[in-house]
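Working notes, structure below.
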Amino acid sequence: MKPYQELTRKELLELQKELQAAYEEQKKKGWKLDISRGKPGKEQLDLSMPMLDVLTSKDSMYAEDGTDVRNYGLVDGIPEAKKMMGDLMGADPSQVIVFGNSSLNMMYDCVARSMIFGVCGSTPWAKLPEKAKFLCPVPGYDRHFGVTEQFGLELINVPMLEDGPDMDVVEEYVNNDASVKGMWCVPVYANPTGAVYSEETVKRLAALKPAAKDFRIYWDNAYVIHHLYEEEEKQGKVLNILEECEKAGNPDIVYQFCSTSKVTFPGAGVAAMSSSPANIADIKSKIQWSTIGPDKINQLRHVKFFKDVNGLKEHMKKHAAIIRPKFDIVVETLEKELGALQIASWTHPVGGYFVSFDAMEGCAKNIVQKCKEAGLVLTGAGAAFPYGKDPKNSNIRIAPTMPGIEELKEAMELFVICVKLASVEKLLEA
Numbered sequence: 002m003k004p005y006q007e008l009t010r011k012e013l014l015e016l017q018k019e020l021q022a023a024y025e026e027q028k029k030k031g032w033k034l035d036i037s038r039g040k041p042g043k044e045q046l047d048l049s050m051p052m053l054d055v056l057t058s059k060d061s062m063y064a065e066d067g068t069d070v071r072n073y074g075l076v077d078g079i080p081e082a083k084k085m086m087g088d089l090m091g092a093d094p095s096q097v098i099v100f101g102n103s104s105l106n107m108m109y110d111c112v113a114r115s116m117i118f119g120v121c122g123s124t125p126w127a128k129l130p131e132k133a134k135f136l137c138p139v140p141g142y143d144r145h146f147g148v149t150e151q152f153g154l155e156l157i158n159v160p161m162l163e164d165g166p167d168m169d170v171v172e173e174y175v176n177n178d179a180s181v182k183g184m185w186c187v188p189v190y191a192n193p194t195g196a197v198y199s200e201e202t203v204k205r206l207a208a209l210k211p212a213a214k215d216f217r218i219y220w221d222n223a224y225v226i227h228h229l230y231e232e233e234e235k236q237g238k239v240l241n242i243l244e245e246c247e248k249a250g251n252p253d254i255v256y257q258f259c260s261t262s263k264v265t266f267p268g269a270g271v272a273a274m275s276s277s278p279a280n281i282a283d284i285k286s287k288i289q290w291s292t293i294g295p296d297k298i299n300q301l302r303h304v305k306f307f308k309d310v311n312g313l314k315e316h317m318k319k320h321a322a323i324i325r326p327k328f329d330i331v332v333e334t335l336e337k338e339l340g341a342l343q344i345a346s347w348t349h350p351v352g353g354y355f356v357s358f359d360a361m362e363g364c365a366k367n368i369v370q371k372c373k374e375a376g377l378v379l380t381g382a383g384a385a386f387p388y389g390k391d392p393k394n395s396n397i398r399i400a401p402t403m404p405g406i407e408e409l410k411e412a413m414e415l416f417v418i419c420v421k422l423a424s425v426e427k428l429l430e431a
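In this text, residue positions in the sequence shown follow the numbering used here: the first is 2, and each later residue adds one.
What follows is the structure, given as structure tokens:
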């Protein structure tokens, strides 16, 4: 098949008729397909079921420091959980807080505290004379943007490159505008592009000279061990942001987050954050009044199941074996059906949870709507951009992990038909 742009109008009209007929056939099948969110599939969730049996008697309900995990206390988490999650993030346990099941909740609370109390003694963001601003690498994680949007912050797009955010843009804003208070980052297998931050990118982030003393990088290391391949050369390796910030004389500019949400159970995992001693002290001074302690039973359950960070990594190899074929289906289908048509591009991730797809400019909303009408749910067009506004109306996030293999094949077959049809319609408008 020739590239669509090389087809005559007559050829495009004939192709439109064929594709419309194929699309109508798909609609008749009554599909109920969903590749909209990065949820683990049932097989992945089953991997962690034995964890529910590791605490079986009162004798096993004590942390290593003797704390009875059934009772109040340890607002920052049990020692062994702080060690395991600290090892995951490359942080000393003294610089770690282990909380409930959601790292997103921890990020939300960090923004909320900054609005109400400020950061380490700074003016509360809600009392600033002008709106606080947040930098948002795009395409990026919709829930990140939703957090800062809810608090009324001004969100600024920063182009996401193959090796991380465009640092020229980041430095221009952070180093010269005191109203820029934060920045979202997913450094390993970024959501949704799968990008891995290069050494240069991490070093430049660590060496920022913020005009605002309360500027913080929200370093969401959600996919730090979510590799699709065991080969070392294919795995995302990123410099330790805490160490790099310390070396650059900026120990306080980063909050790092991670969780076991896609390692064990999304609704019952363990979330943690790490930062400088000053930041940790500041945060603990506030959270001591919002809780008398997290779910320490769940923390102990995780530690007894995994033993240490190496146990976590071994467990993730089982996840990779389940989801790698699903990513292969997505990429192989796109290459086979669209590769020669020059109407789209997509990422080839080696980890994480998503494939980022870019259709012809102006086509994303039409594609998503066509899929919806035929029974396939996708994340909304524009979701990977602040305020849901994709300037090019081209980006679509594909989340292949939850469906079964056959269901995913059906979803991708329908998806490529919708992409082709929407592309032909766009070209016929010209």
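Heads up, the beta-carbon is just placed ideally off N, CA and C, and yes, glycines get one too.
Bridge-paired residues (DSSP) for residue i
i      : result
Phe258 : Asp221, Met274
Lys134 : Glu155, Val181
Leu34  : Leu377
Pro188 : None; Pro188 has no bridge partner.
Leu497 : An answer regarding residue 497 cannot be provided, because it is not within the stretch 2 to 431 covered by the chain.
Pro346 : One point to set straight first is that residue 346 is Ser, not Pro, in the sequence displayed. Answer by DSSP bridge pairing, in chain order: Asp359.
Gly353 : In the DSSP output, where bridge partners are listed per residue, Gly353 has none listed.
Within 8 Å, strictly: CB atoms of residue i and residue j
i      : j      : result
Ala341 : Asp359 : no
Tyr24  : Cys364 : no
Gln6   : Leu428 : yes
Asn102 : Gly268 : yes
Thr334 : Met52  : no
Ser37  : Thr292 : no
Ser199 : Leu243 : no
Tyr256 : Cys372 : no
Glu362 : Lys393 : yes
His184 : Tyr142 : Reading the sequence as shown, one finds Met at residue 184 and not His. Cβ distance not < 8 Å, so Met184 and Tyr142 don't count as in contact.
Phe328 : Leu229 : yes
Pro125 : Phe135 : no
Pro140 : Phe416 : no
Ile98  : Lys214 : no
Met90  : Phe307 : no
Lys30  : Met403 : no
Arg398 : Ala412 : no
Val225 : Val203 : no
Ala272 : Phe100 : yes
Ile288 : Val76  : yes
Ile157 : Gln300 : no
Tyr73  : Gly294 : yes
His320 : Gln45  : yes
Pro193 : Ser357 : yes
Ala179 : Ala207 : no
Gly165 : Ala196 : yes
Lys318 : Glu408 : no
Arg144 : Glu172 : no
Nearest-angstrom beta carbon gap, residue j and residue i [assumed within contact, 8 Å]
i      : j      : result
Leu56  : Leu377 : No, Leu56 and Leu377 are not in contact; Cβ-Cβ is about 41 Å, not under 8 Å.
Val170 : Pro160 : 7 Å
Cys259 : Pro252 : Not quite, the Cβ-Cβ distance comes to about 19 Å (not below 8 Å), so this is no contact.
Pro350 : Tyr190 : 6 Å
Arg217 : Val120 : 7 Å
Asn241 : Pro188 : Not confirmed; about 10 Å, so no contact.
Three-way DSSP call (helix, strand, coil) for residue i in this model
i      : result
Pro295 : coil
His227 : coil
Pro211 : coil
Asn311 : helix
Cys364 : coil
Gly381 : coil
Leu243 : helix
Met2   : coil
Ala196 : coil
Phe146 : helix
Asp283 : helix
Asp359 : strand
Ser424 : helix
Ala249 : coil
Ala22  : helix
Ala263 : The amino acid at residue 263 is misidentified as Ala; the sequence shows Lys. Coil at Lys263, not helix or strand.
Leu14  : helix
Leu8   : coil
Lys235 : helix
Phe306 : helix
Residue i beta carbon near the ligand SAH (any heavy atom closer than 7 Å)
i      : result
Pro140 : In terms of ligand content, the structure shown is empty, and the ligand SAH therefore cannot be addressed.
* Asked: Which runs of the alpha helix (DSSP H) spanning at least 4 residues fall entirely within the region 56-139, listed in chain order?
  -> 80-90, 104-118
* **Start-end ranges of the beta strand (DSSP E) lying completely within the region 384-410, minimum 3 residues** => 396-399
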